[in-house]
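In full-length UniProt numbering, the protein residues as written are 1 to 169.
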């Protein structure tokens, strides 16, 4: 029997949360992905998790209508992934609200990872790497820039999750 270790991915809508998960698990990318409604969850056995544990990856809607669902899901999250779109400044500015909510509702022992997605759109970048890494450092978060479209650093992101889980269990 495996223990499910919850990883929740949160952020504004259209930041690529679902696409990051799809790229990691299935190595696929759908250009016209429909927005997640409410919440969906995927169980994944990661090869580098040493103990009898599996990822329970919870994908959340970025739509404000469903924000109330985060309360229950954050309650037992081991890892919170905060995702923004590097080509959308407003999605980065929303991180402060999402981080505040997560800090209020997630266990004190939860670890946080800030993810700037869509680096394949670097030519339209509105959030600099330096600005984002400084934000992550100030708030004691790990930081990655990824591309769900190309797969850039999506595996590394979840290897970091496995490393965190191996230290916790």
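Virtual Cβ for every residue (Gly too), placed ideally from N, Cα, C.
Being a predicted model, the structure only gives us computed values, none of them experimental.
Using a 10 Å radius around the Cβ and a threshold of 16 neighbouring Cβ atoms, would you call residue i buried or exposed?
i	result
residue 5	buried
residue 118	buried
residue 28	exposed
residue 60	buried
residue 109	exposed
residue 43	exposed
residue 167	exposed
Hey, residue i and residue j are a contact pair by Cβ (cut 8 Å); roughly how many whole angstroms apart?
i	j	result
residue 144	residue 130	Actually they do not touch by this definition, with Cβ atoms about 15 Å apart.
Quick check on the DSSP output: the beta strand (DSSP E) that includes residue i runs from which residue to which?
i	result
residue 143	142-145
residue 27	That residue, residue 27, is in no beta strand (DSSP E); it is neither H nor E in DSSP.
residue 5	3-11
Starting from residue i and walking both ways along the alpha helix (DSSP H), at which residues does that stretch end?
i	result
residue 164	154-168
Quiz item: Where are the beta strand (DSSP E) runs, 3 residues long or more, that stay fully inside the segment 54-135, in chain order?
Solution: 79-85 and 111-117
Practice problem: Assess, as a yes-or-no matter, whether the segment 68-76 is touched by the segment 88-97 under the definition of 3 or more beta carbon pairs within less than 8 Å. | Solution: no
Practice problem: Check whether the segment 101-108 touches the segment 123-137, taking contact to mean three or more Cβ pairs, one atom from each stretch, closer than 8 Å. | Solution: no
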